[in-house]
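Shown next, in C-alpha cells, is the structure this report addresses.
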Amino acid sequence: ARTALDGPAGAPALTKAPEPPAAPVPPPADDHDVLLRRLRELGELHRAGVLTDEEFSTAKQAILSRM
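Residue numbers (the numbering used here): 193 to 259.
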C-alpha cells in the first residue's frame, strides 16, 4: 500500500529527518521573581494556618516544578 510519503513508483520513499529535541529554556528572571514571591506568600499562609501541611506541600511542589 502506498502512503503520502511514498515516492513515484520505483522511487525511494521520502522521509523527514527527525527534529532535534528543543533545549529547555530557563524562565525569564521576572517569572523567577514571581515564583519566589508566590513561595513566600504560601509560607505566610501556611504559618498563619490558612493552608494545611498537605496543601502547602502540594502548592510548593507545583511552584518548584516551574522553576
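C-beta atoms are modelled at their ideal positions from N, C-alpha and C, and glycine is treated no differently. These numbers come from a predicted model, not from an experiment.
*For leucine 234, which residues of its own chain have a beta-carbon under 8 Å away from its beta-carbon, when the five flanking residues on both sides are left out?*
Leu243, Phe248, Ala251, Lys252, Ile255
*Between the beta-carbon of aspartate 225 and the beta-carbon of arginine 258, is there less than 9 Å?*
no
_Pairwise C-alpha distance: alanine 221 and arginine 164_ = Residue 164 lies beyond the range of the chain shown here (193 to 259); nothing can be said about it.
*Quick one: what's got a C-beta closer than 6 Å to leucine 237's C-beta in the same chain, skipping five residues either side?*
Leu243
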